[in-house]
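Chains as they are written, first to last, in numbering that gives the first Met the number 0: chain A, 0 to 181; chain B, 0 to 392; chain C, 0 to 229; chain D, 0 to 595; chain E, 0 to 300.
Glycine residues also receive a C-beta, built at the ideal position from the N, C-alpha and C atoms.
Every value quoted in this text rests on a predicted model; they were computed, and no experiment measured them.
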Amino acid sequence: MMKDLIAKLKKHYKLTEPDYRRADLTFVTAQKDELRSLLIALRDIEGFTHLVLLTAVDWLEEGLFQLTYMLNNRAANRTLALRVMIPRANAVGDTIHDLWPTAETYQRELREMFGIDFPGSPRVNDEFILEGWTDMPPYRRDFDSLAYSLQTYRERPGRVTHDPREHMKKALYPDQKPEAAK
Amino acid sequence: MMFNLKTDRSQYPQPGPDGKLEIDLETGKYLKLWQGPNHPGITGNMSVELTVCGDEVVAGKTHVGYLHRGFEKLMERRSFIQVFPIVCRVCVPEPDFNEYCYAAAVEELAGIKVPELANWMRTLILEMGRFNSYMMFLGGISGALGLGVVGQWMTYVRDLMLDRFEELTGARIYHMFILPGGVRGHLPDGFAGRMEEVLRTAEKYLADVEKVMFRNAVYKRRTKGIGVIDPKLFEPYGVTGPNARAGGVAKDLRKDAPYLVYNELDFEVQTGKDSDIHTRVDVRYRDIHQSIALIRQILQKMPKDGPVMAKIPNVLHWQIPRGETYIKGESSRGEYGYYLVTDGSGYPRRINVRGPSYTHAMALLEHLIPGTNISDVAQLMVSLHTYPPEIER
Amino acid sequence: MKHFDPTFKKDTEKEFPLREEMRPRTVETPDGQTIEIEPLKDYFCEAPPKVHPKAYSKIVEDFYNWARAESLWILGFGTGCGAIEMRPLMTPRFDAYRWGIQWRPTPRQSNLLMISGYLSIKTLKRAIRAYEQMQQPKYVVGLGSCTINGGMYWDSYNTIKRLDDYLPVDMYIAGCMPRPEALLAGFVALKKIIKAGKAEGANLYAENFAQYKANQKAVIKDWDMPDYSW
Amino acid sequence: MSLRDVLSPYTAWKHLFEAPVTIKDPIGREAAERYRGFHQNDLSKCIGCGSCEDICQNAAIDMVPVSDPKTGDSGLRPMIDYGRCCWCALCVDVCMTGSLTMSNEYTWVDSDPDAFRFTPGVDLKSWDAEEKGYKRENNERRLTGTHRPEMGMLEPEARIASFGEIVHGYTRAEAVIEADRCVECGLCVATCPAHMDIPDYIRKVREGDYEGGLKLLYETNPFSQTCGRVCTHACETACAAVHEGDAIAIRWLKRDITDNVPRERYFDLISKPDVPETGKKVAIVGAGPGGLTTAFDLARAGNEVVVFEALPKPGGMMRYGIPEYRLPYDVLDHEISVIEKMGVDIRCNQRIGTDITLDQLKKDHDAVVLSLGLNQGRSTRVPGSEEAESAIDLLRRITAGDKVPVPKQVAIIGGGNVAMDIARSMARLQRQKHGEVGVTVTALEDFDHFLADDEEVEEAREEGCVIYDARGPQEIVVKSGKVAGLRTWKCKAIFDAEGRFAPKYDASDEMVHPAQMVVEAIGQSADISLLGAELTEKLEWNRGRIRIDQNGRTSEPWLWAAGDLVSGPDVIHAVADGHRVAKSVSAMLQATRETH
Amino acid sequence: MSFEWIQIAWALLTLFIVINYGLIMTAVIQKIGARVGGRYGIPVWQNYIDLIKNFSLRSKIHHGVMFYLGPVFRLTGGIGLLLFVPTIYGSVMHQNFSYSGDLILALYFVFFGTLGMALGAGESGHPHAAIGVSRGLSQVTMAELPLALAVYSMTLQYGTLNITDIVAAQQGSIFNWTLFTNPLATTAAMIAFVGTMMRSPFDVVLAPQEIPIGPPTEYHSAYLALMQTNRVLYPIAKTVIFMNLFFGGATNWFEFAIKIFALYMVSVVVGVVHPRFRVEQSIGFFLKWGLPVGVLSILVV
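Okay, here's the thing in structure tokens:
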């Protein structure tokens, strides 16, 4: 069933080899410029009317953001997740708020948490979750939450821990490690 | 079907092309009114910025983020087992769904098969959680309408169920019982009997609720024909769960895409047709009875013995190969899902929580609010059954 | 647990600049005046609160403290998860009303601010506002691990770790989340210190206002709030 | 609106006449039996491995010192910060000993935020004795593995037929499972005499990075292949996993690394560091593990090292003491060839005192290291003991390929690993010659205090050796000039009240073990005759052993000592000695270079 | 009737008794409401402690003169209402300042307090208060409409505007009560009574779920204490009018306690089990049910 659909779609769109995760769940990567027409085709022709989620994955090492558009065909109980890769530098996506009004919220979140812009999406530049945030978008991989927290919020002092291995070394054989061999 | 939609907004300002609504407060015709975050009428720590003209609401904007802890970021810092204690915190009143979805996603990507009994236990816990969540809801909607006594009873019944939770899982609110690989323990001795007592008490109180709330003339006046969601909006706005079922769309993932042991259980999908506040409450009310029946069935049918944990790798350095998956289930509010991406390391690459409140309380609510009476905003929100913590996570 | 990146430096102003409307600027009002506005400045509570002395007579003060302890009005403001355990307290199972504990929907009438768990920066701002709107004497109870030392969210970029940096706290209740029974025990303990005249958090706040404000401003960047509500 | 709708709500008023459902006295109400409340820790069971700290995602646990570290116990105990804890109980689930549990107590209020920290078990709390609370189900540790995979080895029938190596070594899958069990606490490191980086190389096994693992091994142990087979693995007694299930098979995992790196790759991976030649010369007497480790370290530090060995082949007791079925000779040859690659000059058949004198060595070199093995067997000195064979001597002759007498029945005195070695070696020879095994082992200790490793005993039994415990040798029965058997009494106690060796026997329980050969395997001593009278006089001694300082240096500034001679019969101790001595020698050489 | 100075002392005694009775009675009623929910509720003396607590708070802020005057007006409304109607019929001590035509004065006081409150709350500048006031006023005004009609019908019936006379006319037998002599007017009045007691389903003003707490949002400390005092006094004073007009008044303190409690309970019985109406719904309710009954009662008389 999903295989047929993918084969059909492949005639018109450039899709990568899909990952048939489960019988009812398939992941496939699409081209960014074909995304919109692909979504419309899936929604209006193939019955994938339910936008389950829209989110991003940060592939920092590859310099890419993966946008995942997960669509569900309720009647057939099939979920198709479209992956779209966009460059991390100057990350801009195509807004789909006119296809699914609820995408507006997702796009606001992506704008705020990943810094991915969706020009034309309503209120996309408004603050959504954060307030007075001045650092880089926090869901980016190069944002280090713990480091930020340590630099911003004070901890209660007086916590000291010991590594068992180092502690035993200190107590039992302070400098017997064969340094010469190294 | 007749849907009494108050969509005549011609007399009020219209939103611009970028979705921004410019309202000139200087005219004195309009007033900005904020509900929340410190507001007992709304379903938790979020706020709605209302623009009112007299008693009529012209525009409403949802403001969230008061509960934002950055879960999706924190999960990326934690190993696969360390994510387990924090997922339940995503949604406070019904935490078990997070545990289940996360565990199932990890199990799928790591190729772990969960023992039969563990699946039954999970189903039991999810149904108990659904029961609790609905109890919160009934208390909430009656509270929002000023019928405090139903809230008192429902919280009491919920508390009895929390006692069962405590006995089974070792905690009242954050149960942390569904581990990746299975569940933490077996049923305690005599659990079924004590559960039966709770269910009986629940039924007794629910019968009272039926009389006091559903057969209440004032209540009917306040809820019938109000807050109608046009079924045409379900797909564009991603409406799932009881909210959609109240509009006649008989969709329930427990039936449509059975997970755990739901295909071995008998239950019916409850639907309504009017899609107003009254029907939404009613559908949930009937669903509670389904949950009660399901809990009874599960306790009766579940295997009496067997392992509850699959063998899992050493959790201290558990690595999962690269992959992505999405696990969903029917929570008390609609489709709840976890999107998990792994990259072969010992940490998740990304976890995205798809909570039904996210779509219901944001875009949908903002769409429904204009044109309602100021008194109806609170119950409209409550009737959508949203939990803010899962919106902002 | 992943180790943090020691090279990470917060504030990447260059790469992700502050939004225009949050920057200080000069605007022209409709009636032709030009005014300087600083959106991130806290216009609401720059003025330090007054230190209110105790009653002149110790007997009177003791009597007052007894009344204050026996009539604890809690601001019904759930800041975090812990708020869910407040509901059983208000309802039949635990019925905290028996102890003279009641919930009020407005900070003006409340004496006790329950910080029910973690505080995100956005909520912290509201909690501070609520606290400053409360009348003296006022008490703060921190609920759960999060208020003591960050709890679960010790590594989150959006939650504070130590509540006592920002507000004077009279009582902490351990737990994640604390059970209603523990909360009641906490109230009983709080009553004891109120009756003993030791719960002077409001004066502490007034005396060390500059320090508290500095701490608050270190984490809250945007102080803009609509008047009177949130 | 019907009349019913108007009236029906009033039915709620019936609750006015029902008793309230409120809990009368909720404060301190007991929580459920499984409730996850505050922590308890059984200090006597806790070993301070820190697994709880590792798994805690809230960083709520600190390991704090409460007692002195000892074998398998770091002396640290978890301190819990309730300003962090989320009561998930993963620490209880992961606890390696089951010492950490939770009570069902939940009330803790305080106005001091710094009060919410405590060390369970040390800081006394009201819930310490609470029985109820969260415990692991059936006390099963499910988050980390408890049992090691069975090691594949030859069947007794097959292995007794030859001197071929018994143990197969782990397959990759087994190695991964076993390596996965390690919790990386590092308690073992202190117990290992050479302080090998055990958790680190186990991680390398898990990750499949065998070459990296090998490099790591050679940082602390140039005899990793040997130790991967015959190490006494004291580390495994200190392993945190030993408390609930099997210890991690550290030795086999080490072997797994060495087996999985192709032999020729060794020379690339363990190359001589690029250090300038120091121009210093060091002589080492004895090519056992101690001496060769010293040589390895010193050669890598840029010194010119010569090793003098009396026997025809290097390896010392590794070659002449350990039977081939445990440590194949080609492994040893390869191991030593790696050391030679560092520029070590090993000169065999060079007996000190005969072929070259110690004075000569002292003259020609900047430092001399004595690494003498314990190559002389001790005697029981019971009647007839002059007819007994010495185990150590016998083993050497077997190894050297000399013909040794193989009678049908052999009795062995001793219960250590050497006794097992000779028993099993003789069993193999008997099998080859007679087709059947007739070996009796009599040990002074009972099975509860046995000296030999359990697996050695087990395997010896499987191979047909009969083992008697608590038997004290009384006489070697000699009939017509030939050994006919061994007479033993039941041993009641080995040590007296002061802990001195003074065995007590029960003469009524006498046994005579028929044997045509009796072998004594009750300990070894070193042959120190090569030192010469003058030097022997000059050196300081301690109970028959040369007194050395903590760096292995003797009272003579040019002379160091290492190996079995100073620390007993054990490869890993010898390696540790070697490192220690090499470091000390290096320091000395460095110092002299700087002064000149 | 002539005025004597001692009457002031007696009136203050009446006030004292009524306030104490009110404090305890409201607590008891809260407990009764709590019982329906299945719990114990506040201790009976809790209201006293709350009062002391609120008076003992150290800081107060204010928003202008009207903000001060709001609670004062409101309390004045309550006290005035009580003082100008006879609390105990036939008792010289607790006759208060009842003069001929005092019914009009009483009705005036009923509005006076509400109005003062509205002005004070408006001054606080809190938008919630302003909205609460506008919504509350419109509803209360509507609720008073049937009462006005009922009173009109009753004055027609008794031919006097003096409450003491009206009470006197109802003495003798229980069947002399207006309840029985003019049931329609009583019904209309009771509808208004339930409507003005600030309980469900007509409790919009204090509805925290819709607008946090309504007009008193900004009131705190001693202001709130004043309002609390009024909150126990004012409904009782109002109930006293109803008792006097329709239920034969009270001839001693015991009868007073019983009747007031019973009347008060009417609104509680209704309130506990109903959610609240929307403002326009309750206005509609009064127009649909209260008004016709009131008109009918006039017509019948």
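In the DSSP annotation of this structure, the continuous segment of the alpha helix (DSSP H) that includes residue 153 (chain B) starts and ends at 147-168.
In the DSSP assignment, residue 246 (chain D) falls outside any beta strand (DSSP E), carrying neither H nor E.
Among the CB atoms of chain B, one or more fall inside 8 angstroms of the CB of residue 10 (chain D). The segment 85-105 of chain D makes contact with the segment 76-85 of chain B, as at least three CB pairs between them are under 8 angstroms. For the C-beta of residue 290 (chain B), not a single chain E residue is nearer than 7 angstroms; the gap to the nearest is close to 22 angstroms. Between residue 80 (chain D) and the set D:72, D:218, D:37, the nearest pair of CA atoms involves D:37.
The segment 92-110 of chain B makes no contact with the segment 269-285 of chain B: fewer than 3 CB pairs, one atom from each, lie closer than 8 angstroms. As for any beta strand (DSSP E) of minimum length 3 sitting wholly inside the segment 289-365 of chain D, the runs are 303-307, 344-346, ordered along the chain. Counting of Cβ neighbours within 10 angstroms places residue 22 (chain C) among the exposed residues, the total staying below 16. For residue 369 (chain D), the secondary structure class from DSSP, reduced to helix, strand or coil, is strand. Listed in chain order, the positions of the segment 66-79 of chain C with a beta carbon within less than 7 angstroms of a beta carbon of chain A would be empty, since no residue qualifies. At a cut-off of 8 angstroms between beta carbons, residue 199 (chain E) contacts chain B. Put simply, of E:49, E:11, E:249 the residue whose alpha carbon is nearest the alpha carbon of residue 103 (chain C) is E:49. Against chain E, a Cβ distance below 7 angstroms from residue 23 (chain C) picks out nothing, because the smallest value is about 27 angstroms.
Shown here for residue 43 (chain E): same chain residues with a beta carbon closer than 8 angstroms to its own, the five before and five after excluded, namely 23, 26, 27, 30 in chain order. As the crow flies, the alpha-carbon of residue 68 (chain B) is around 14 angstroms from that of residue 152 (chain A).
Assigned with DSSP and collapsed to three states, residue 80 (chain A) falls in strand. Per the C-alpha coordinates, the member of B:157, B:125, B:122, B:121 positioned closest to residue 137 (chain B) is B:157. If the five residues before and after residue 302 (chain D) are omitted, its C-beta is found closer than 6 angstroms to the C-beta atoms of 277, 279, 281, all from its own chain and listed in chain order.
Listed in chain order, the non-local C-beta contacts of residue 545 (chain D) below 6 angstroms within the same chain comprise 538, 553, 560, local neighbours out to five positions each way being set aside. Leaving aside the five residues that flank residue 120 (chain C) on each side, the residues in its chain whose CB is nearer than 7 angstroms to its CB run, in chain order, 157, 218, 219. When the five nearest sequence neighbours on each side are left out, the beta carbons in the same chain lying within less than 7 angstroms of the beta carbon of residue 557 (chain D) are those of 361, 366, 367, in order along the chain.
At least 8 angstroms separates the CB of residue 48 (chain D) from every CB of chain B.
With a 10 Å radius around the Cβ and a threshold of 16 neighbouring Cβ atoms, residue 124 (chain B) comes out buried.
Taking 8 angstroms as the threshold, the shortest C-beta distance from residue 66 (chain B) to chain D does not fall below it. For a Cβ distance threshold of 7 angstroms, residue set 57, 58, 83 of chain D lies close to residue 153 (chain C), ordered along the chain.
Interface with chain B (8 angstroms Cβ-Cβ cutoff): residue 204 (chain D) is excluded. Residue 257 (chain D) and residue 284 (chain D) have their C-alpha atoms some 28 angstroms from each other. For the 8 angstroms CB-CB criterion, residue 441 (chain D) and residue 411 (chain D) form a contact. DSSP places residue 338 (chain B) in the strand class (E or B) of the three-state scheme. Per DSSP, the unbroken beta strand (DSSP E) holding residue 348 (chain B) starts and ends at 347-353. Any Cβ of chain D closer than 8 angstroms to the Cβ of residue 95 (chain B) would place that residue at the interface, and such an atom is absent. Of all residues in the segment 27-39 of chain E, only 31, 34, 35, 37, 38, 39 place a beta-carbon less than 7 angstroms from a beta-carbon of chain D. Contacts with chain D at 8 angstroms (Cβ-Cβ) do not include residue 93 (chain E). Between residue 187 (chain B) and residue 32 (chain D), the gap from beta carbon to beta carbon is short of 8 angstroms. Residue 180 (chain C) belongs to the set of residues whose beta carbon lies under 8 angstroms from a beta carbon in chain D.
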